Amino acid sequence: MWSNKYRQARVVSWTLSAILLLSFAPLATAQQATSPKYQVNEVFFGTGGVDTCEGVNPAENDYCALMTAGELTIGNTKSDQYQAYGGFNTTRQPSLEVAVLKSDVDMGLIKPDTTGVGTAEFQVKAYLASGYNIQIAGTPPMNGTRSVAAMGTRGVSQKGVEQFGMNLTQNTFIAGSANPSQDPDNTFAFGFANNDTATGMVYNVADEFRYVNGDIIARSESSTSYTKYTISYIMNVSSVTPGGSYKTSHTVVAMAKY
Amino acid sequence: MKLHRTLVQRPLVALTALALVAGSAVPSMLLSTAGAAGAQMLNRQIQVSDSSPSGNANFTTGIGSGTNVEYKINFTSSSPATIGGIVVDICSNTPIVGDSTCLAPGGFDWSATPSVSVNGATLGGTWTAASAVGGGTGVYPVLKLSNATPVAPTGLVTLTVTGVTNPTQNVAVTGQSYYARITTFATSADMDTAYPATNDTRASMATLETNNLVDYGGVALSTTTPITVTAKVMETMMLCTSGTVMAATGCTDASTPSVNIGEDYNGTKVLRDDAISTASAWSMISTNASTGYGIWIRGRNTCPEGGMTKVASTNVCEIPAAHSGAGVAGPLVIGRTTGNAAFGMRVEDGAFVGTGIGTNTAVEKWTGDDTINGTIIANTSNYLMDTTSGNDNINYVYGSQVVDSTGQANSVQNEYFFAATASPTTPAGIYTQTFSLIASGRF
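The listed protein sequences correspond, in order, to chains V and D. For the first sequence, this note's numbering gives the first residue as 1, with consecutive numbering after it. For the second sequence, this note's numbering gives the first residue as 1001, with consecutive numbering after it.
This is the structure:
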């Protein structure tokens, strides 16, 4: 009996402490979403909830909990000037996640009467951002100081003409090529292959390829869940392309906009 | 049981009441607090020249190495106030300014002496860059810029930092997020108080405010595994010969390189002692040899005269090489005049056919050109059949070089002009000489 009362008293005390944390915690995190016109903070209108995760270091085997006793609204709402995520169990930390899922592209032996092809894959997710741009960085494949001619203007693959290009769409002759895919679906993820005709940075046309170091090849105009992109590479050689092994390293550089 | 229920129920009621109070009271408190904390920067973005993690054994320099990376940091101040200190602090766990925890990403380094340029159009004055240790010995994740005379930004501020080392790869994941906290201060002294050089603990928002924090903002970044693209191209060489001139690329219209030399006589060709007869053969070459190629000619007949023979086994060439096989071209003279039969050749520069590529140059002695007072003058009447020049004659094991190029070729054609004359005493018969053309590329 005594032990039961003691346990219950501890439960009560813990809950009250959590409430105090609720009221004070936002003050320690004064950095909230703002725009030139107004500011939205992590306020909660509902029947209750607890955030015990502030200051907890998972690396030290601490534990914490996010609990809610009912939310009036959840999900993302936005306009041109602002955005907010409703719900108690949101995080105030912006994030940008980029992962290369398939990084080795071997286009094999290429002759003037063949086309070398290959694919790479990467995925991107951005939270609490106004979108992102993905740049491709790196040279065309090189053999010593000799590089394969890059397709500076979008065009089709031509056997016998020295070319190196890429796109981010499904092609008719490249196995494994694919359009960007949204995870879990296109109501949560919004990334797309760049289609900026004004600058020529167009990477969403099937069977047409381009490569310019530093081009923006993909983007999103808002926070987004995972979008998986498949890069399709092509390489053609002419009869005078020097023999040897050609190699390059590309990185996909993500820039989130805040 | 009853007591238990009462004790459990009561806190829920209290919880609800307190939550409502907190919910209604907090906004006004937060608004006032936010005003004193400075304003959040707008248009925050960091562009990097390479997102590869450092420490990659396959790439130690350039794209893929994550070293010597350039960071371009953009932001727009929300406050019109002047600033004398700017901090860009890199953390692996959170971009939230004011959070006391900031773990330095392993391997990230602005360098002990960072190189920073500031676009003077929107942020004037003289800015001095320094870095502070923030995560352990030898690691400098805190970039600090100071200006003794505070200035007010007038637009998008751009800081370009070179020579940066990206975080190393966490091998458990294929990508890795990390963060930048950007803060500005009224003076560099304020900045140094808030970010002392040797204190690893990041200042709370209260401390930043006390030290005249002006603007703040966070940015998320990510490293990624580099994509490696490889391909192989074979070295190529193709040389063909033809008895007729070729018009198509790739030797597709080459004919049997059998050349009949002589004057027409009743439907056949015969050499005469009162005429110089000519005939041609052609070669076409295609190669991707990166630094060029050469073509050599070697004769089959082993006779010392080096010309055409009626019976090869006799090792006698009754129609000998022109000019006794000397390595200098000269005009062929009809045999009736000289009393000697002669056989010679000359070569012209090559050019591509159709959609081919490239040219080549005939070796000077085989062109037949005259050199008069140091000036080369073309002369299509001169021929030679070099059998004497050391290591460069048609009987040498590798033959005599007739053509050279420093570049690649696609369907480059050369014409070989043969000339012969009989003497009054040249025995009747069928005379032959066979040549092998040898191409060698410099890859």
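Glycine is no exception: its CB is placed at the ideal position from the N, C-alpha and C atoms. All of these numbers come straight from a predicted model, not from anything done at the bench.
Given a length threshold of 3 residues, each whole run of the beta strand (DSSP E) inside the stretch 1400-1442 of chain D is given here in chain order: 1400-1405, 1409-1421 and 1435-1441. Under DSSP, residue 249/V forms a beta bridge with 1228/D. In chain order, 258 make up the part of chain V whose C-beta sits under 7 Å from the C-beta of residue 1044/D. For a Cβ distance threshold of 7 Å, residue set 243 of chain V lies close to residue 1235/D, ordered along the chain. Rounded to whole angstroms, the separation of the alpha carbons of residue 135/V and residue 241/V is 28 Å. When DSSP reads this structure, residue 1332/D sits in no beta bridge, so it has no partner. As a beta-bridge residue in DSSP terms, residue 1308/D pairs with 1319/D. Contact check for residue 1078/D against residue 1042/D passes: the beta carbons are separated by less than 7 Å.
Inclusion of residue 125/V and residue 220/V in the CB contact set at 7 Å is not warranted, their separation being larger than that value. Residue 1208/D has no beta-bridge partner at all, per DSSP.
For residue 121/V, the enclosing beta strand (DSSP E) starts and ends at 116-127. Taking 7 Å as the cut-off, the Cβ atoms of residue 139/V and residue 1224/D do not count as close.
With contacts defined as CB atoms closer than 7 Å, residue 1306/D and residue 1387/D qualify as a contacting pair. Within the DSSP bridge table, the entry for residue 255/V names 133/V as partners. Contact annotation: in the stretch 1394-1416 of chain D, residues whose CB is within less than 9 Å of a CB in chain V are 1407, 1408, 1409, 1410 and 1411. Residue contact check for residue 1165/D against chain V: no CB pair falls below 7 Å. In the three-state reduction of the DSSP assignment, residue 1081/D falls in the coil class. Residue 1221/D reaches chain V at 96, counting residues in chain order whose Cβ is nearer than 7 Å. Taking 7 Å as the cut-off, the Cβ atoms of residue 1327/D and residue 1381/D do not count as close. Residue range 1069-1076 is occupied by the beta strand (DSSP E) that includes residue 1070/D. With a beta-carbon spacing of about 6 Å, residue 1147/D and residue 1126/D fall inside the 8 Å limit used to define contacts. Bounds of any beta strand (DSSP E) do not take in residue 1104/D, whose DSSP letter is neither H nor E. Using a Cβ-Cβ cut-off of 7 Å, residue 248/V counts as an interface residue toward chain D, since at least one Cβ of chain D sits closer than that to its own.
Among the CB atoms of chain V, none fall inside 7 Å of the CB of residue 1292/D. C-alpha of residue 1244/D to C-alpha of residue 1339/D: approximately 32 Å in a straight line.
Look at residue 158/V: its C-beta is not under 7 Å from any C-beta on chain D.
Taking CB atoms only, residue 207/V has no neighbour in chain D less than 7 Å away. Taking 7 Å as the CB threshold, residue 161/V stays off the interface with chain D.
Residue range 1364-1367 is occupied by the alpha helix (DSSP H) that includes residue 1366/D. Contact between residue 1052/D and residue 1167/D is absent: CB atoms are separated by about 10 Å, not below the 8 Å threshold. Assignment of residue 108/V by DSSP, reduced to helix, strand and coil, places it in the strand class. The beta carbon of residue 1232/D falls within 7 Å of a beta carbon belonging to chain V, placing the residue at that interface. When Cβ pairs closer than 8 Å are counted between the two stretches, the stretch 1188-1208 of chain D is seen to touch the stretch 1097-1106 of chain D, the count reaching three or more. Residues of chain D whose Cβ lies closer than 8 Å to the Cβ of residue 210/V do not exist; the shortest such Cβ separation is about 15 Å. The beta carbon of residue 193/V does not come within 7 Å of any beta carbon belonging to chain D, so the residue lies off that interface. Residue environment: residue 1196/D is assigned as exposed (fewer than 16 neighbouring CB atoms within 10 Å of its CB, all protein chains considered).
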